[in-house]
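Trainee: Below is a structure I'd like to ask you about.
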Amino acid sequence: MSLGQVGVQEVDIYYLYSPDLSVALKETLEAIRDIYESGKFKRFGMSNYRPEDVQKIYDIWKEKGGMLTTVFQGKYNAMSRHIETHLFPLLRKLGIGFYACRYARASAHTGDMYKSMYGKETLYAALDEWNVIAGHANITKAATAKEKGDALIVGASKVEQLEETLGAIEAGPLDVETATEVDATWGLVEREAPLDNYNSHAWKLN
1 MSLGQVGVQE VDIYYLYSPD LSVALKETLE AIRDIYESGK FKRFGMSNYR PEDVQKIYDI
61 WKEKGGMLTT VFQGKYNAMS RHIETHLFPL LRKLGIGFYA CRYARASAHT GDMYKSMYGK
121 ETLYAALDEW NVIAGHANIT KAATAKEKGD ALIVGASKVE QLEETLGAIE AGPLDVETAT
181 EVDATWGLVE REAPLDNYNS HAWKLN
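Under full-length UniProt numbering, the first residue of the sequence shown carries the number 1, and numbering increases by one thereafter.
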């Protein structure tokens with residue numbers, strides 16, 4: 001799809017959504033720089049990259065001058081928190097904003113890819129616990145999936161899903177007791193929870 005097809009001359013953020021191992025990284029970044037210098041986008045963003053690759057790309061941009069990574073888009077919710085220790089410190093150090101995506105609803109229920117990542121007894125047990133917590137607090141399960149970050153990217157395939165998410169946002173923060181209970185579910189899934197939808201293998205913790 002071209003910019004002309006969507007009726008704009010430039011976009012705000014150009015994302016590199018996942019590593020392409022068939023192409024040298026510097027070659028990819030040179031092509032992106034050409035697009036940037038032609039005025040087609042304002043900011044460069046990344047998603048599904050490991051911390052060491054975020055640093056590597058930052059260093060390449062820093063050496064070249066003129067453009068840096070400004071946004072990292074990632075999955076972050078009560079069942080996906082590895083990035084708190086593995087990625088967030090680096091993003092803050094480099095001055096890169098984090099845009100949280102709402103993937104929680106789809107992650108455990110749709111598609112073979114998701115089943116391979118999330119179809120584990122511990123994750124289903126955590127979902128059950130999540131449901132109980134939501135019931136006690138008289139809120140929807142989606143409302144307990146409070147993402148944190150510098151911005152929130154909301155996705156929905158149905159109007160009802162969008163309305164539910166917007167309602168949860170408008171309701172404001174969870175009460176302390178509910179937030180504490182949701183936080184505790186991370187202990188059930190930490191060892192098997194995937195990093196993201198690209199790096200799907202669980203990180204083995206020491």
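All residues carry an ideal CB built from backbone N, CA and C; glycine is no exception.
Alpha carbons only, please: which of Leu162, Ile169 and Gly135 is nearest the one belonging to Ala151?
Mentor: Reading the sequence shown from its first residue, position 151 is the one you call residue 151. Looking at the Cα atoms, Ile169 is the closest of the given residues.
Trainee: Name the two residues that bound the continuous alpha helix (DSSP H) containing Leu16.
Mentor: Numbered from its first residue, the sequence shown carries residue 16 at position 16. Counting along the chain, Leu16 falls outside any alpha helix (DSSP H), though it belongs to the beta strand (DSSP E) covering Val11 to Leu16.
Trainee: To the nearest angstrom, report how far apart Ser38 and Arg50 are at their CA atoms.
Mentor: The count along the sequence shown starts at 1 and reaches residue 38 at position 38. The count along the sequence shown starts at 1 and reaches residue 50 at position 50. In a straight line, the C-alpha of Ser38 is about 28 angstroms away from that of Arg50.
Trainee: Look at the Cβ atom of Val71, then the Cβ atom of Gly95, and state whether they are nearer than 8 angstroms.
Mentor: Here the question's residue 71 lines up with position 71 in the sequence shown. Here the question's residue 95 lines up with position 95 in the sequence shown. No, the pair does not count as a contact, with Cβ atoms beyond the cut-off.
Trainee: Determine the contact status of Leu16 and Glu10, defining contact as a CB-CB distance below 8 angstroms.
Mentor: Here residue 16 refers to the residue found at position 16 of the sequence shown. Here residue 10 refers to the residue found at position 10 of the sequence shown. Not in contact: Leu16 and Glu10 (Cβ atoms no closer than 8 angstroms).
Trainee: So which of Lys64, Glu192 and Lys158 has the shortest CA-CA distance to Met79?
Mentor: Sequence index remark: in the sequence shown, residue 79 carries index 79 (1-based). The shortest C-alpha separation from Met79 is found at Glu192.
Trainee: Under the DSSP definition of a beta bridge, which residues are partnered with Arg43?
Mentor: Here residue 43 corresponds to residue number 43 of the sequence shown, with the count starting at 1. Paired residues: Ile13.
Trainee: I'd like to know whether the C-beta atoms of Arg81 and Trp186 end up nearer to each other than 8 angstroms.
Mentor: On the sequence shown, residue 81 is found 81 positions in, with the first residue counted as 1. On the sequence shown, residue 186 is found 186 positions in, with the first residue counted as 1. In this structure, Trp186 lies closer than 8 angstroms to Arg81 by Cβ.
Trainee: Quick check on Gly7: does DSSP put it in helix, strand or coil?
Mentor: The residue labelled residue 7 in the question sits at position 7 within the sequence shown. Under the three-state reduction of DSSP, Gly7 is assigned to coil, being neither helix nor strand.
Trainee: Considering Cα atoms alone, identify which of Glu63, Gly66, Gly65 and Gln55 is closest to Pro89.
Mentor: Counted from its first residue, the sequence shown places residue 89 at position 89. Selected option, being the one with the closest Cα: Gln55.
Trainee: Identify the continuous alpha helix (DSSP H) that holds Ile35 and give its terminal residues.
Mentor: As a working note, residue 35 is residue 35 in the sequence shown. Element bounds for Ile35: Leu25 to Glu37.
Trainee: Please look up how many angstroms separate the CB atoms of Asp53 and Pro19, rounded, as I've assumed it's under 8 angstroms.
Mentor: Within the sequence shown, the letter at position 53 stands for residue 53. Within the sequence shown, the letter at position 19 stands for residue 19. The pair is a contact, with the Cβ atoms about 7 angstroms apart (cut-off 8 angstroms).
Trainee: Does the separation of the CB atoms of Asp196 and Asn77 fall below 8 angstroms?
Mentor: What you label residue 196 is simply residue 196 of the sequence shown in a count that begins at 1. What you label residue 77 is simply residue 77 of the sequence shown in a count that begins at 1. No, these two residues do not count as a Cβ contact at 8 angstroms.
Trainee: What's the gap between the Cα of Glu177 and the Cα of Leu29?
Mentor: Here residue 177 refers to the residue found at position 177 when the sequence shown is read from its first residue. Here residue 29 refers to the residue found at position 29 when the sequence shown is read from its first residue. Their backbone Cα atoms lie some 46 angstroms apart in a straight line.
Trainee: Residue range of the alpha helix (DSSP H) that Thr69 falls in?
Mentor: Within the sequence shown, numbered from 1, the residue matching residue 69 stands at position 69. Unbroken run through Thr69 is the beta strand (DSSP E), Thr69 to Lys75; no alpha helix (DSSP H).
Trainee: On the premise that Lys64 lies in contact with Arg33, defined as a C-beta separation below 8 angstroms, what is that separation, rounded to the nearest angstrom?
Mentor: The sequence position of residue 33 within the sequence shown is 33, counting from 1. The sequence position of residue 64 within the sequence shown is 64, counting from 1. Contact flag correct, Cβ pair sits at about 7 angstroms.
Trainee: Ala156 by DSSP, collapsed to three states: which one?
Mentor: Position 156 of the sequence shown, counted from the start, is the residue given in the question as residue 156. Three-state DSSP puts Ala156 in coil, outside helix and strand.
Trainee: Taking the beta strand (DSSP E) that Ala193 falls in, what are its first and last residues?
Mentor: If you number the sequence shown from 1, residue 193 lands on position 193. Segment: none, Ala193 is in no beta strand (DSSP E) and carries neither H nor E.
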